[in-house]
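Colleague: First residue of the sequence shown: 39, per our numbering; consecutive thereafter.
A virtual CB, placed ideally from N, CA and C, is assigned to each residue, including glycine.
Quick one: structure below, then a few questions.
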Amino acid sequence: MMKKILISTMLLLSPVMVSSTIAAELLENLRGSFRGTGWGVRSPEASKETIRCKLSGTYSDQTGRTELTGQCAAPGNKFKINGYIRKSSVPGRYVGRWANPYGIGEVSVSGEAAGNKIILSYNSQHPDTGKEIAGRLTWAISKNGFSIESSAREVESGRSWTSGSIKFSR
(Lines of atoms letter the chains of each structure in order from A; the text may use other names.)
(Lines give C-alpha, C1' and ligand atoms only; values in the text may rest on other atoms or scores of the structure.)
Protein backbone atom coordinates (compact mmCIF):
# COMPACT_ATOMS: atom_id res chain seq x y z
CA MET A 39 0.00 0.00 0.00
CA MET A 40 2.77 2.43 0.94
CA LYS A 41 4.54 1.65 -2.34
CA LYS A 42 1.38 2.56 -4.32
CA ILE A 43 1.05 5.85 -2.42
CA LEU A 44 4.71 6.69 -3.05
CA ILE A 45 4.41 5.91 -6.78
CA SER A 46 1.17 7.92 -7.04
CA THR A 47 2.77 10.88 -5.28
CA MET A 48 5.82 10.76 -7.57
CA LEU A 49 3.58 10.66 -10.65
CA LEU A 50 1.57 13.63 -9.42
CA LEU A 51 4.66 15.67 -8.60
CA SER A 52 6.65 14.81 -11.73
CA PRO A 53 5.03 17.54 -13.93
CA VAL A 54 5.77 20.08 -11.19
CA MET A 55 9.39 18.97 -10.95
CA VAL A 56 9.81 18.97 -14.74
CA SER A 57 8.15 22.41 -15.06
CA SER A 58 10.38 23.78 -12.33
CA THR A 59 13.50 22.36 -14.01
CA ILE A 60 12.50 23.73 -17.42
CA ALA A 61 11.72 27.13 -15.88
CA ALA A 62 15.14 27.29 -14.25
CA GLU A 63 16.92 26.25 -17.46
CA LEU A 64 15.11 28.87 -19.54
CA LEU A 65 15.97 31.64 -17.10
CA GLU A 66 19.56 30.42 -16.63
CA ASN A 67 20.08 30.65 -20.41
CA LEU A 68 19.53 34.42 -20.15
CA ARG A 69 22.71 34.72 -18.06
CA GLY A 70 25.66 36.43 -19.80
CA SER A 71 26.33 39.11 -22.39
CA PHE A 72 24.30 39.45 -25.58
CA ARG A 73 24.21 41.59 -28.71
CA GLY A 74 20.99 41.96 -30.62
CA THR A 75 19.64 43.43 -33.79
CA GLY A 76 16.14 43.76 -35.12
CA TRP A 77 13.39 46.27 -35.67
CA GLY A 78 10.60 48.07 -33.87
CA VAL A 79 7.67 50.41 -34.48
CA ARG A 80 5.84 52.72 -32.06
CA SER A 81 2.48 52.46 -33.86
CA PRO A 82 0.86 50.53 -36.74
CA GLU A 83 1.36 53.52 -39.05
CA ALA A 84 5.06 53.97 -38.25
CA SER A 85 7.89 52.69 -40.40
CA LYS A 86 10.10 49.92 -39.05
CA GLU A 87 13.24 51.24 -37.39
CA THR A 88 16.42 49.24 -37.04
CA ILE A 89 17.33 48.57 -33.40
CA ARG A 90 20.67 47.35 -32.05
CA CYS A 91 21.17 46.36 -28.41
CA LYS A 92 23.76 45.17 -25.91
CA LEU A 93 22.38 43.36 -22.86
CA SER A 94 23.81 41.71 -19.79
CA GLY A 95 21.89 39.09 -17.84
CA THR A 96 22.34 37.65 -14.36
CA TYR A 97 20.50 34.71 -12.80
CA SER A 98 20.03 33.85 -9.12
CA ASP A 99 19.49 30.20 -8.20
CA GLN A 100 18.14 31.29 -4.82
CA THR A 101 15.39 33.55 -6.14
CA GLY A 102 14.88 31.97 -9.57
CA ARG A 103 15.17 35.46 -11.01
CA THR A 104 16.92 36.70 -14.14
CA GLU A 105 17.76 40.40 -14.44
CA LEU A 106 18.60 42.00 -17.77
CA THR A 107 20.10 45.46 -18.28
CA GLY A 108 21.41 47.11 -21.39
CA GLN A 109 21.37 49.81 -23.96
CA CYS A 110 19.76 49.98 -27.37
CA ALA A 111 20.00 52.38 -30.28
CA ALA A 112 17.55 53.28 -33.01
CA PRO A 113 18.18 55.98 -35.63
CA GLY A 114 18.80 59.20 -33.69
CA ASN A 115 17.94 57.67 -30.32
CA LYS A 116 19.76 55.75 -27.56
CA PHE A 117 17.85 54.27 -24.66
CA LYS A 118 18.33 51.92 -21.72
CA ILE A 119 16.22 48.83 -21.21
CA ASN A 120 16.04 46.68 -18.12
CA GLY A 121 13.87 44.32 -16.20
CA TYR A 122 13.54 40.97 -14.56
CA ILE A 123 11.67 37.72 -14.97
CA ARG A 124 11.27 35.18 -12.20
CA LYS A 125 9.50 31.91 -11.65
CA SER A 126 6.11 32.29 -10.05
CA SER A 127 4.95 30.08 -7.19
CA VAL A 128 2.70 28.45 -9.81
CA PRO A 129 4.71 25.90 -11.86
CA GLY A 130 5.38 26.99 -15.43
CA ARG A 131 4.31 30.60 -14.71
CA TYR A 132 6.49 33.70 -14.71
CA VAL A 133 6.16 37.24 -13.42
CA GLY A 134 8.36 40.27 -13.78
CA ARG A 135 8.84 43.86 -14.78
CA TRP A 136 10.14 45.23 -18.07
CA ALA A 137 11.19 48.79 -18.94
CA ASN A 138 11.67 50.14 -22.45
CA PRO A 139 11.30 53.93 -22.52
CA TYR A 140 11.40 53.94 -26.33
CA GLY A 141 8.42 51.58 -26.52
CA ILE A 142 6.02 50.35 -23.85
CA GLY A 143 7.48 52.23 -20.90
CA GLU A 144 7.71 50.33 -17.62
CA VAL A 145 5.20 47.50 -17.16
CA SER A 146 4.50 44.47 -15.01
CA VAL A 147 4.51 41.26 -17.04
CA SER A 148 3.19 37.77 -16.39
CA GLY A 149 2.89 34.63 -18.43
CA GLU A 150 3.85 31.04 -18.94
CA ALA A 151 6.35 28.72 -20.55
CA ALA A 152 5.63 26.76 -23.70
CA GLY A 153 8.58 24.64 -24.82
CA ASN A 154 11.58 26.95 -25.20
CA LYS A 155 9.42 30.08 -25.02
CA ILE A 156 8.23 32.36 -22.26
CA ILE A 157 5.11 34.24 -23.33
CA LEU A 158 4.47 37.36 -21.25
CA SER A 159 1.45 39.65 -21.30
CA TYR A 160 1.14 43.24 -20.09
CA ASN A 161 -1.26 46.18 -20.09
CA SER A 162 -0.10 49.73 -20.65
CA GLN A 163 -0.99 53.05 -22.17
CA HIS A 164 0.45 53.86 -25.58
CA PRO A 165 3.22 56.44 -25.02
CA ASP A 166 2.04 58.64 -27.92
CA THR A 167 -1.76 58.27 -27.92
CA GLY A 168 -2.52 57.43 -24.29
CA LYS A 169 -4.83 54.62 -25.45
CA GLU A 170 -4.95 51.39 -23.44
CA ILE A 171 -2.75 48.68 -24.94
CA ALA A 172 -2.73 44.93 -24.28
CA GLY A 173 0.66 43.59 -25.26
CA ARG A 174 2.53 40.36 -25.58
CA LEU A 175 6.26 39.60 -25.45
CA THR A 176 7.35 36.19 -26.71
CA TRP A 177 10.85 35.23 -25.60
CA ALA A 178 12.31 32.25 -27.52
CA ILE A 179 15.33 31.08 -25.51
CA SER A 180 18.24 28.77 -26.37
CA LYS A 181 21.72 28.21 -24.95
CA ASN A 182 23.24 30.44 -27.65
CA GLY A 183 20.85 33.38 -27.38
CA PHE A 184 17.24 34.46 -27.45
CA SER A 185 14.76 36.53 -29.39
CA ILE A 186 11.94 38.82 -28.35
CA GLU A 187 8.88 39.25 -30.55
CA SER A 188 6.44 41.90 -29.40
CA SER A 189 2.88 42.64 -30.39
CA ALA A 190 0.30 45.13 -29.21
CA ARG A 191 -3.46 45.62 -29.43
CA GLU A 192 -5.46 48.77 -28.77
CA VAL A 193 -8.08 47.58 -26.29
CA GLU A 194 -10.83 49.99 -27.42
CA SER A 195 -10.54 49.52 -31.20
CA GLY A 196 -9.15 45.97 -31.25
CA ARG A 197 -6.53 47.09 -33.78
CA SER A 198 -3.35 45.02 -33.40
CA TRP A 199 0.16 45.05 -34.83
CA THR A 200 3.54 43.43 -34.47
CA SER A 201 5.59 46.06 -32.70
CA GLY A 202 9.06 44.55 -32.86
CA SER A 203 11.44 41.67 -33.24
CA ILE A 204 15.00 41.48 -31.92
CA LYS A 205 17.34 38.49 -32.03
CA PHE A 206 20.16 38.31 -29.45
CA SER A 207 23.27 36.15 -29.54
CA ARG A 208 26.23 35.68 -27.22
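Between the Cα of Q109 and the Cα atoms of Y97, L93, S127, D99, which residue gives the shortest distance?
Modeller: By 1-based counting over the sequence shown, the position of residue 109 is 71. Nearest C-alpha to Q109: L93.
Colleague: Extract the residue ranges of the beta strand (DSSP E) inside the segment 89-159, only unbroken runs of 3 or more that lie entirely within it.
Modeller: 103-112, 115-125, 131-138, 143-152
Colleague: Out of curiosity, what's the CA-to-CA distance linking E105 and G130?
Modeller: Residue mapping note: residue 105 aligns to position 67 of the sequence shown, counting from 1. Residue mapping note: residue 130 aligns to position 92 of the sequence shown, counting from 1. Whole-angstrom Cα-Cα distance: 18 Å.
Colleague: Whose CA, out of L158, S195, N182, A112, lies closest to the CA of E170?
Modeller: Locating residue 170 in the sequence shown gives position 132, counting from the first residue. The residue with the shortest Cα to Cα distance from E170 is S195.
Colleague: How big is the Cα-Cα spacing for Y132 and L64?
Modeller: For this step, residue 132 is matched to residue 94 along the sequence shown. For this step, residue 64 is matched to residue 26 along the sequence shown. Taking the straight line from one Cα to the other gives about 11 Å.
Colleague: Compare the C-alpha of R191 against each of S180, G74, L175, F206 and name the closest.
Modeller: To locate residue 191, count along the sequence shown from 1; it is residue 153. That would be L175, whose Cα lies nearest to the Cα of R191.
Colleague: Helix, strand or coil for E170, going by three-state DSSP, please let me know.
Modeller: As a working note, residue 170 is residue 132 in the sequence shown. Note: E170 maps to strand in three-state DSSP.
Colleague: Classify N138: buried if its beta carbon has 16 or more other beta carbons within 10 angstroms, exposed otherwise.
Modeller: Mapped onto the sequence shown, residue 138 falls at position 100. So N138 ends up on the buried side.
Colleague: Kindly give me the distance between the Cβ atoms of R10 and A111, rounded to whole angstroms, as I take these residues to be in contact under 8 Å.
Modeller: Lying before the first or after the last residue shown, residue 10 is absent from the chain, which here runs from 39 to 208.
Colleague: Looking at S185 and I156, is the spacing between their C-beta atoms short of 8 Å?
Modeller: Within the sequence shown, the letter at position 118 stands for residue 156. Within the sequence shown, the letter at position 147 stands for residue 185. Cβ distance not < 8 Å, so I156 and S185 don't count as in contact.
Colleague: In terms of DSSP beta bridges, what is A84 paired with?
Modeller: Residue numbering aside, residue 84 sits at position 46 when the sequence shown is read from its first letter. Its beta-bridge partners do not exist; DSSP assigns none.
Colleague: Please state whether the Cβ-Cβ distance between T107 and N115 is less than 8 Å.
Modeller: Reading the sequence shown from its first residue, position 69 is the one you call residue 107. Reading the sequence shown from its first residue, position 77 is the one you call residue 115. Their beta carbons are not under 8 Å apart, which means T107 does not touch N115 by this criterion.
Colleague: Between which residues of its own chain and T59 is the CB-CB distance below 8 Å, once the five residues before and five after are set aside?
Modeller: Along the sequence shown, one-based indexing puts residue 59 at 21. Any reading at T59 needs caution, since the residue's pLDDT is 48, under 50, leaving its predicted position unreliable; the model's value is listed next. None.
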